[in-house]
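2 protein chains.
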Amino acid sequence: MNNVQDESLRDQKKSRRRLQILEIARGIIAAKGLRSLKVRDVAQSAGCSVGSVYNEFGDFDGVILTVNRETVQALTLRLAGVPGEDPVRQLYGLAATYLEFFAEHANLLRSLFEHRMEDDRPYPDDILQMVMNAFALMHSPLVRLLPDADDVKIALLSRTLFSAVHGIISLGLEERMVAVPPQMLRQQVTQFLDAHLAGLGIVPVGARSPR
Amino acid sequence: MNNVQDESLRDQKKSRRRLQILEIARGIIAAKGLRSLKVRDVAQSAGCSVGSVYNEFGDFDGVILTVNRETVQALTLRLAGVPGEDPVRQLYGLAATYLEFFAEHANLLRSLFEHRMEDDRPYPDDILQMVMNAFALMHSPLVRLLPDADDVKIALLSRTLFSAVHGIISLGLEERMVAVPPQMLRQQVTQFLDAHLAGLGIVPVGARSPR
DNA sequence: AGGTTAAATTGAACAATGTTCATGTGAGTA
DNA sequence: TACTCACATGAACATTGTTCAATTTAACCT
Numbered sequence: 784m785n786n787v788q789d790e791s792l793r794d795q796k797k798s799r800r801r802l803q804i805l806e807i808a809r810g811i812i813a814a815k816g817l818r819s820l821k822v823r824d825v826a827q828s829a830g831c832s833v834g835s836v837y838n839e840f841g842d843f844d845g846v847i848l849t850v851n852r853e854t855v856q857a858l859t860l861r862l863a864g865v866p867g868e869d870p871v872r873q874l875y876g877l878a879a880t881y882l883e884f885f886a887e888h889a890n891l892l893r894s895l896f897e898h899r900m901e902d903d904r905p906y907p908d909d910i911l912q913m914v915m916n917a918f919a920l921m922h923s924p925l926v927r928l929l930p931d932a933d934d935v936k937i938a939l940l941s942r943t944l945f946s947a948v949h950g951i952i953s954l955g956l957e958e959r960m961v962a963v964p965p966q967m968l969r970q971q972v973t974q975f976l977d978a979h980l981a982g983l984g985i986v987p988v989g990a991r992s993p994r
Numbered sequence: 784m785n786n787v788q789d790e791s792l793r794d795q796k797k798s799r800r801r802l803q804i805l806e807i808a809r810g811i812i813a814a815k816g817l818r819s820l821k822v823r824d825v826a827q828s829a830g831c832s833v834g835s836v837y838n839e840f841g842d843f844d845g846v847i848l849t850v851n852r853e854t855v856q857a858l859t860l861r862l863a864g865v866p867g868e869d870p871v872r873q874l875y876g877l878a879a880t881y882l883e884f885f886a887e888h889a890n891l892l893r894s895l896f897e898h899r900m901e902d903d904r905p906y907p908d909d910i911l912q913m914v915m916n917a918f919a920l921m922h923s924p925l926v927r928l929l930p931d932a933d934d935v936k937i938a939l940l941s942r943t944l945f946s947a948v949h950g951i952i953s954l955g956l957e958e959r960m961v962a963v964p965p966q967m968l969r970q971q972v973t974q975f976l977d978a979h980l981a982g983l984g985i986v987p988v989g990a991r992s993p994r
């Protein structure tokens, strides 16, 4: 009965505002960090009352979590767009794309990885699952490169490798620390993969004859 | 005139309370996470007023930062205790010790890496420096293992390697995610180092003939 | 010892911010 | 048009970081 094209005026306003709230919250997190996100600011910018924010998202964590959910979705989309013909290039591409995405949306990524729920409420399972799935994107190229390894080992390796890349990038982009210049960070990631893939017995891109 | 053995009654009380406040704050962070740390709780447990906490630490961030400072000091101490006769073993030892320390004090480490100052105040430089120094502890064994590499490259490599290990461990211990069993995590780190050192042309521990 | 002073302590008041809920409003419906 | 109910509202409340005028207290002086 109620499909998207034919929804009531109420539902239209509601869903438009929902999107607006998310856009504003995302903008604030991206620009000034999660700690600067305030209910009243969001409500005022969205032209509604604080009650409406609560009505739509339950509590303030609900807003944050929804933004985080969309962040990991966008990340997954970007990573899924990395060409997969050549498995070695795909691994380098995944790392480089993660670096790009992280550099573009550092505060959103930090919100995703650093936000803690209040009390001891559990972090939503679907978000965790999406993060795990993103980190598992190295699985398929690794399977092609290491055909003799068993699948569980590859799954673990995929997660290890991606976690390592994540560590290099997230600390490298931490402007609090002595900031690594972005260009150097890219090189750092590449060299890291060079060495690690070589150690796995895989010939890295840099060592191959051109074309 | 005022040395440590001969300090005024006032200073004695003050420094005793300072230690007490830190101990309590550390305990709360370690047990329930940074988000559960509240000024009033700390003051009450320390048997003083909230004003005294402010008098001693300036603001609440001051308490957190002091705890973080002591965390990185303790970490550095532990890492500095890793035997250094054999540079390869030292690298494995540093990673294993970091894992141990992180597992024992997960919430304290998260406080160190995830705490953001309010507004845009800068993170204290001395803490950043100490973290960098800790991450540079792989430098000296790497120099011995790669005598031909130039020093800047080694410094970068040290940071990259330690950041990678940090990523593997911090995500691996993230109980929010599908928690990796601690024993498996240890193996994961070891295998990671095996592959990476091999890729650098270093013979890993596992591949050497015993003794 | 007693008085004086400077500094630390206190906790009530304030400020900022997340959360709730009684009340009002307007879209849907008969 | 009248009715109704789900949603929007924002004032009030709850929690927590921060300030500061009044109080207490240790240190110093004579």
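Chains A and B are the protein sequences, given in the same order.
Here the first sequence stands for residues 784 to 994, where the numbers follow this note's numbering.
Here the second sequence stands for residues 784 to 994, where the numbers follow this note's numbering.
For glycine and all other residues, C-beta sits at the position ideal for the given N, C-alpha and C.
Within a 10 Å sphere around the beta-carbon of N838/A sit fewer than 16 other beta-carbons, which makes this residue exposed. If you look at K821/A, you'll find it isn't in any alpha helix (DSSP H); DSSP assigns it neither H nor E. Listed in chain order, the alpha helix (DSSP H) elements of length 4 or more contained wholly in the region 825–853 of chain B are 833–840.
The three-state reading of DSSP puts P924/B in helix, counting H, G and I together.
Taking 8 Å as the upper bound on Cβ-Cβ separation, chain B lies near no residue of the region 860–886 of chain A. Apart from sequence neighbours up to five positions away, the residues of its chain that approach N851/B with a beta-carbon distance below 7 Å are S894, L895, H898, I910, ordered along the chain.
When secondary structure is reduced to three states using DSSP, I985/A falls in the coil class, being assigned neither helix nor strand. For the pair of segments examined, the region 798–806 of chain B was found to touch the region 819–832 of chain B: the number of CB pairs separated by less than 8 Å reaches three.
Put simply, of R927/A, I952/A, S953/A the residue whose alpha carbon is nearest the alpha carbon of S941/A is R927/A. Judged by DSSP in its simplified three-state form, E957/A adopts coil rather than helix or strand. Annotation: Q795/A has no Cβ neighbours in chain B at a cutoff of 9 Å; minimum Cβ distance is about 36 Å.
Annotation: F884/A to H949/B spans about 20 Å, alpha carbon to alpha carbon. Unbroken alpha helix (DSSP H) stretches of 4 residues or longer found wholly inside the region 868–906 of chain B: 870–887, 889–897, given in chain order. The straight-line gap separating the alpha-carbon atoms of I985/B and K821/A is approximately 51 Å. In the displayed model, A813/A falls within a helix according to three-state DSSP. Near chain B, meaning a CB-to-CB distance below 7 Å, the residues of the region 934–947 of chain A are L939, T943, S946, A947. Using beta-carbon distances, I951/A counts as an interface residue toward chain B, with a partner under 8 Å.
Following the DSSP letters along the chain, one finds D908/B inside the alpha helix (DSSP H) bounded by residues 908–918.
Annotation: A814/A has no Cβ neighbours in chain B at a cutoff of 9 Å; minimum Cβ distance is about 11 Å. The Cβ atoms of L956/B and A857/B do not sit closer than 8 Å to each other. With contacts defined as CB atoms closer than 8 Å, H922/B and H979/A fail to qualify as a contacting pair. In terms of beta-carbon proximity, R823/B stays away from the interface with chain A, with every pair separated by 8 Å or more.
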